[in-house]
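Going letter by letter, the sequence shown gives residues 1 to 147 in full-length UniProt numbering. Have a look at the structure below, then the notes.
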Amino acid sequence: METPRNLVDGADVAPYHRLPDSDDSRLSQLGYKQELSRSLSSLWADRRGCFRSTQSPSLRAIANFSVTFSIISILTGITTLYSQGLTFGGPVTMVYGWPIVGLMTFIVGLSLAEICSAYPTSGGLYYWSAKLCGNEWGPFASWITGW
1 METPRNLVDG
11 ADVAPYHRLP
21 DSDDSRLSQL
31 GYKQELSRSL
41 SSLWADRRGC
51 FRSTQSPSLR
61 AIANFSVTFS
71 IISILTGITT
81 LYSQGLTFGG
91 PVTMVYGWPI
101 VGLMTFIVGL
111 SLAEICSAYP
121 TSGGLYYWSA
131 KLCGNEWGPF
141 ASWITGW
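Take a look at the structure:
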């Protein structure tokens, strides 16, 4: 029985239902080789102010979350739009609008993460947002994704 194949932009790609044993084998199936280290590490300052790498997985997870949270700056993003939301939409917009739009944005992020993990490329989010929008809107979508 022949394995079903997918076609993306006219190119024959690996079957969608077969999972590789490791990242290296998946990259080699796609014609790439791993060039960068894919391990996450965290740096913590000790009492003397020297930075050292942590070995505890729970501390690494906390450090990675805290860096991510501070980069996206949720608090400053929400508080700067309070006056506009309350002026034009009222309390209903603030109570129901933020969670609904946040959930939709989260779903878009999950779908892009799934696409990028299935077909890894350099700059995955930029590449796939450009491919999914087509030739006309692709460059703009890629720029918005990176910005």
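Glycine included, each C-beta is placed from N, C-alpha and C at the ideal position. In this text, all values refer to a predicted model and were calculated from it rather than measured experimentally.
(request) Pull up the distance between the alpha-carbon of residue 129 and that of residue 71, whole angstroms please. (result) 22 Å
(message) Could you compute how far the alpha carbon of residue 94 sits from the alpha carbon of residue 80?
(response) 13 Å
(request) Rank 77, 116 and 121 by C-alpha distance to the C-alpha of residue 102 and give the top, closest one. (result) 77
(message) Cutting at 8 Å between CB atoms, please list the residues of its own chain near residue 35, excluding the five before and the five after it.
(response) none
(message) In the DSSP assignment, the alpha helix (DSSP H) including residue 131 goes from what residue to what residue?
(response) 124–146
(request) Return helix, strand or coil for residue 114, following the three-state DSSP convention. (result) helix
(request) Report buried or exposed for residue 142, applying the criterion of at least 16 other Cβ atoms within 10 angstroms of its Cβ. (result) buried
(message) Within a Cβ cutoff of 7 Å, which residues of the same chain sit near residue 25, ignoring the five residues on either side of it in sequence?
(response) none
(message) Quick check on residue 32: buried or exposed, where buried means 16 or more other Cβ atoms within 10 Å of its Cβ?
(response) exposed
(request) May I ask you to report which of helix, strand or coil DSSP gives residue 99? (result) helix
(message) Under DSSP, the alpha helix (DSSP H) around residue 84 begins and ends at which residues?
(response) 82–88
(message) Let's test the definition: count the other Cβ atoms within 10 Å of the Cβ of residue 98 and tell me whether it reaches 16, buried, or not, exposed.
(response) exposed
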